[in-house]
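*Asks:* Chains as they are written, first to last, in our numbering: chain V, 1 to 413; chain D, 1001 to 1311.
Take this structure, written in structure tokens, and hold onto it; I'll ask about it next.
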């Protein structure tokens, strides 16, 4: 024990002095030595690892209570883990150290005679021994690693909700294998170039952590494709930040989808662009529900084709709404409130509001004798006013009653 | 730091929504509000950082543990224990009791009290449907011109009479005792175990042909049973009737005024509602279950005495 501790401490001191001289304020040597102490971590299979470092690892691992017997015969294999530990990044960091070969000759490490476990060690050496619990080899949460991984820590400070990300399939593993400086920084810079706001980067990566694994060039071709479709820079920025998965779609798929909306709705190029700008989610969502909703509007609700175009253009959300809700709302509006199709086409936003809200307000107005939705007649109440105003304003402005009366009325329903 | 309230409160369930959706909506809103409140401060741990200004050596600094960061830990509350009192089916509306935390125990006690509930039931003569409600499949149409308020009230009196007999039968009390008299004075005669639905009071609130509205006080009922009552009233009057509305205006001690509307389902209102109802619930439970405990104790004393005598 004493021997490896001494070696580590020596190595550590050397690192520190080198560090302090050249990289003040960066990752301390201590943390890399900590990682080395942990012994069985999957080591990077990199060719540029310096030989003395290999040696150091080996010795440290043999000295410590590492269960991996293979350490002795030079070939360093480590137990497989589903979540590769974040140590890798820090090692990668350590590799960027100044070449210490000149200072520490290779033989220096072999000179120290192995001492027995019973040998006493000095206070100074004892202080250098870091006894931290090992990182779990597999875990269901990123919480175990976040204090030991600089990448994860930086992501948290960026505003990425790791508790959300770890629920996604394979996203946790992905984040652990990445290195902030090497892999993540370029994607973040790219996203900033595209126009995603600084404070939106965290939420963006929370929604779509997989973009970190994408190739930068393919991402650029996708942006170039959007540009070729005459989307402005600000428009692309808006679309990408509102639909984070947009850039994961291949150019062919994006082209297909744009074509789908153009053909299915019979819109002009300009209007198609406006549509996807207003609801970029349409491009990344499934197309099947959109098709179904269009069929429902046309066949079950009986809207004309041009009416559907107008409705979709005004409220694109109707394409992603649930069929059942659409039908129920229409049934109430058309069959009970007696509102004709052309009025619904003028105010399609009623389909976005809750049926319960429409019901309550309509019944209150009927009770007061004010339910009059025909614009040709006096004291006309527009559908927009009916659904969009908050309760207080609705009571005073539209129903001309007090909010208490409205609440009392609601309790009689 | 927000604390989870505990106790009983009532909400107003709108018609057309399942009771479980109401329960979930309340839970969701409470969770959102509880998690938005600032949580516990993160733990601190000591880290050795390189000394500032390029000096050699390490400096011990206290830093918050990143694993306790809200973005890493996730929301503090993920689930609340919310239980529902007497259920209301989808088509009915009205006072619906929910319990949070400790309130779930009170819910059981309240159930064991077998308190009466009051409903207003709307009816419409001239139609009959397969599920007795106005939205069901139409089975037959009838005339209703011959019905008068007197005829309706006569039927209601008959219903009340038969139910009163059933009430006495199921309450398992000998009517010729002092105990029965005392209970009757306090108004506590009611079945204390399982029984078929019993209507304790029924009256007509409104009668404008073809519509009518009844107020029914009952216990151990289901909403479908009340719809069936409307249907049977229709048949008794040589016509037919469907039920247009079932609305609970009182559930035990909870009245319409205690019930929170959809817009009031937030932490503060619920907390206030719990405090307002606490005393009422407690006195009611003590009044009913305390009485039961006493009679139980008397019984056990008698039995104990018998055993002693035998010994």
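Note that beta-carbon positions come from the ideal geometry of N, C-alpha and C, so glycine has one too.
For residue 192 of chain V, report the span of its alpha helix (DSSP H) as first-last.
*Replies:* Within the first chain, the letter at position 192 stands for residue 192 of chain V. First-last of the alpha helix (DSSP H) with residue 192 of chain V: 185 to 194.
*Asks:* Within 10 angstroms of its Cβ, does residue 263 of chain V collect 16 or more other Cβ (buried), or is it exposed?
*Replies:* As a working note, residue 263 of chain V is residue 263 in the first chain. Here residue 263 of chain V is exposed, its C-beta having fewer than 16 other C-beta atoms within 10 Å.
*Asks:* Can you list, in chain order, the residues of its chain whose CB lies under 7 Å from that of residue 1206 of chain D, leaving out five sequence neighbours each side?
*Replies:* Reading the second chain from its first residue, position 206 is the one you call residue 1206 of chain D. Closer than 7 Å at the Cβ level, and outside the excluded window around residue 1206 of chain D, lie 1212 and 1213.
*Asks:* When the distance is taken between beta carbons, is residue 337 of chain V closer than 8 Å to residue 362 of chain V?
*Replies:* Position 362 of the first chain, counted from the first residue, corresponds to residue 362 of chain V. Position 337 of the first chain, counted from the first residue, corresponds to residue 337 of chain V. Cβ distance < 8 Å, so residue 362 of chain V and residue 337 of chain V count as in contact.
*Asks:* Just the Cα atoms here: how many angstroms apart are residue 234 of chain V and residue 315 of chain V?
*Replies:* Along the first chain, read from residue 1 onward, the residue named residue 234 of chain V stands at position 234. Along the first chain, read from residue 1 onward, the residue named residue 315 of chain V stands at position 315. Answer to the nearest angstrom: the Cα atoms are 22 Å apart.
*Asks:* Would you please verify whether the beta carbon of residue 171 of chain V is less than 8 Å from any beta carbon of chain D?
*Replies:* Looking up residue 171 of chain V in the first chain gives position 171. Interface annotation, residue 171 of chain V: not in contact with chain D, CB-CB separation never under 8 Å.
*Asks:* Sort D/1013, D/1178, D/1190 and D/1155 by Cα distance to residue 1172 of chain D and report the nearest one.
*Replies:* Working through the second chain from its first residue, we reach residue 1172 of chain D at position 172. Taking the Cα of residue 1172 of chain D as reference, the smallest distance to any Cα among D/1013, D/1178, D/1190 and D/1155 is reached at D/1190.
*Asks:* Which residues, taken in chain order from the stretch 1065 to 1085 of chain D, show a beta carbon closer than 7 Å to some beta carbon of chain V?
*Replies:* If the cut-off is 7 Å between Cβ atoms, the stretch 1065 to 1085 of chain D has 1065, 1066, 1067, 1069, 1071, 1072, 1073 and 1074 near chain V.
*Asks:* Going by beta-carbon coordinates alone, are residue 249 of chain V and residue 284 of chain V separated by less than 8 Å?
*Replies:* As a position in the first chain, residue 249 of chain V is number 249, starting the count at 1. As a position in the first chain, residue 284 of chain V is number 284, starting the count at 1. Yes, Cβ-Cβ distance for residue 249 of chain V and residue 284 of chain V is below 8 Å.
*Asks:* Select from the stretch 1184 to 1213 of chain D all residues with a C-beta closer than 9 Å to any C-beta belonging to chain V, and list them in chain order.
*Replies:* none
*Asks:* Using 10 angstroms around the beta-carbon of residue 1019 of chain D, count the other beta-carbons present and answer buried if the total reaches 16, otherwise exposed.
*Replies:* Position 19 of the second chain, counted from the first residue, corresponds to residue 1019 of chain D. Buried.
*Asks:* Considering residue 118 of chain V, what are the terminal residues of the beta strand (DSSP E) in which it resides?
*Replies:* Position 118 of the first chain, counted from the start, is the residue given in the question as residue 118 of chain V. No beta strand (DSSP E) contains residue 118 of chain V, which DSSP labels as neither H nor E.
*Asks:* 8 Å is my cut-off, CB to CB: does residue 207 of chain V come that close to chain D?
*Replies:* Locating residue 207 of chain V in the first chain gives position 207, counting from the first residue. It does not: the Cβ of residue 207 of chain V has no partner Cβ on chain D nearer than 8 Å.
*Asks:* Using the Cβ count rule (16 or more neighbours within 10 Å means buried), how would you classify residue 1052 of chain D?
*Replies:* For this step, residue 1052 of chain D is matched to residue 52 along the second chain. Residue 1052 of chain D is exposed by the Cβ-count criterion.
*Asks:* What's the call for residue 211 of chain V, buried or exposed, on a 16-neighbour Cβ count within 10 Å?
*Replies:* If you number the first chain from 1, residue 211 of chain V lands on position 211. Result: buried.
*Asks:* Let me know the secondary structure DSSP gives residue 1128 of chain D once reduced to three states.
*Replies:* Taking the second chain and counting its residues from 1, one reaches residue 1128 of chain D at position 128. Residue 1128 of chain D: strand per DSSP, three-state reduction.
*Asks:* Can you give me the C-alpha to C-alpha distance between residue 1236 of chain D and residue 1155 of chain D, rounded to a whole angstrom?
*Replies:* Mapped onto the second chain, residue 1236 of chain D falls at position 236. Mapped onto the second chain, residue 1155 of chain D falls at position 155. Straight-line Cα distance between these residues: approximately 7 Å.
*Asks:* Exposed or buried, which one is residue 1258 of chain D when buried takes at least 16 other CB atoms within 10 Å?
*Replies:* By one-based count along the second chain, residue 1258 of chain D stands at place 258. Per the 10 Å Cβ criterion, buried.
*Asks:* Relative to the alpha-carbon of residue 1131 of chain D, which residue among D/1006, D/1223 and D/1269 has its alpha-carbon at the smallest distance?
*Replies:* The residue labelled residue 1131 of chain D in the question sits at position 131 within the second chain. Residue D/1223 is the option with its Cα nearest to residue 1131 of chain D.
*Asks:* Determine the chain V residues that contact residue 1012 of chain D at a beta-carbon separation under 8 Å, and present them in chain order.
*Replies:* Here residue 1012 of chain D refers to the residue found at position 12 of the second chain. Within chain V, the residues near residue 1012 of chain D are 410 and 411.
*Asks:* Tell me the rounded alpha-carbon separation between residue 226 of chain V and residue 385 of chain V.
*Replies:* Sequence index remark: in the first chain, residue 226 of chain V carries index 226 (1-based). Sequence index remark: in the first chain, residue 385 of chain V carries index 385 (1-based). Straight-line Cα distance between these residues: approximately 38 Å.
*Asks:* Looking at the structure shown, is residue 394 of chain V part of a helix, part of a strand, or coil, going by DSSP?
*Replies:* Indexing the first chain from 1 puts residue 394 of chain V at position 394. It is helical.
*Asks:* By DSSP, does residue 1221 of chain D sit in helix, in strand, or in coil?
*Replies:* Within the second chain, residue 1221 of chain D is the residue found at index 221, counting from 1. In this structure, DSSP gives residue 1221 of chain D a state outside helix and strand, which the three-state scheme calls coil.
*Asks:* CB-CB under 7 Å to residue 194 of chain V, same chain, minus the five flanking residues each way: which ones, in chain order?
*Replies:* Here residue 194 of chain V is taken as the residue at index 194 of the first chain, counted from 1. If we look at residue 194 of chain V and ignore the five residues flanking it on each side, its Cβ neighbours are 223, 236, 237 and 240.
*Asks:* For residue 166 of chain V, which of helix, strand or coil comes out of DSSP?
*Replies:* One-based indexing of the first chain puts residue 166 of chain V at position 166. Residue state, collapsed to three classes: coil.
*Asks:* Helix, strand or coil for residue 1302 of chain D, going by three-state DSSP, please let me know.
*Replies:* Your numbering for residue 1302 of chain D matches position 302 in the second chain. Note on residue 1302 of chain D: pLDDT 45, under 50, position unreliable in the model; no value is reported.
*Asks:* Looking at residue 409 of chain V and residue 347 of chain V, is the spacing between their C-beta atoms short of 8 Å?
*Replies:* As a working mapping, residue 347 of chain V is identified with position 347 in the first chain. As a working mapping, residue 409 of chain V is identified with position 409 in the first chain. The answer is no: Cβ separation not under 8 Å.
*Asks:* Identify the contact partners of residue 1263 of chain D in chain C, using a Cβ-Cβ distance below 7 Å as the criterion.
*Replies:* This model lacks chain C altogether, as its protein chains are V and D.
*Asks:* Cα separation between residue 1184 of chain D and residue 1110 of chain D?
*Replies:* Position 184 of the second chain, counted from the first residue, corresponds to residue 1184 of chain D. Position 110 of the second chain, counted from the first residue, corresponds to residue 1110 of chain D. Each residue's Cα considered, the two are about 20 Å apart.
*Asks:* Taking only three categories from DSSP, how would you classify residue 1117 of chain D?
*Replies:* Counting from one through the second chain, the residue named residue 1117 of chain D turns up at place 117. Of the three classes helix, strand and coil, the one that applies to residue 1117 of chain D here is strand, per DSSP.
*Asks:* Are at least three pairs of beta-carbons, each pair with one atom in the stretch 158 to 165 of chain V and one in the stretch 196 to 207 of chain V, less than 8 Å apart?
*Replies:* yes
*Asks:* Note the first and the last residue of the continuous beta strand (DSSP E) segment covering residue 1013 of chain D.
*Replies:* Indexing the second chain from 1 puts residue 1013 of chain D at position 13. Where residue 1013 of chain D is concerned, the enclosing beta strand (DSSP E) stretches over 1007 to 1013.
*Asks:* Measure the C-alpha to C-alpha separation of residue 125 of chain V and residue 117 of chain V and round it to an integer number of angstroms.
*Replies:* Position 125 of the first chain, counted from the start, is the residue given in the question as residue 125 of chain V. Position 117 of the first chain, counted from the start, is the residue given in the question as residue 117 of chain V. Going from the Cα of residue 125 of chain V to the Cα of residue 117 of chain V covers about 14 Å.
*Asks:* Would the beta-carbon of residue 1198 of chain D fall within 8 Å of that of residue 1241 of chain D?
*Replies:* Walking along the second chain from the start, residue 1198 of chain D turns up at place 198. Walking along the second chain from the start, residue 1241 of chain D turns up at place 241. Cβ atoms of residue 1198 of chain D and residue 1241 of chain D: not closer than 8 Å.
*Asks:* Buried or exposed: where does residue 1276 of chain D fall if 16 or more other Cβ atoms within 10 Å of its Cβ makes it buried?
*Replies:* As a position in the second chain, residue 1276 of chain D is number 276, starting the count at 1. So residue 1276 of chain D counts as exposed.
*Asks:* By alpha-carbon positions, which one of V/138, V/169, V/181 and V/134 ends up nearest to residue 153 of chain V?
*Replies:* Counting from 1 along the first chain, the entry for residue 153 of chain V is found at position 153. Residue V/181 is the option with its Cα nearest to residue 153 of chain V.
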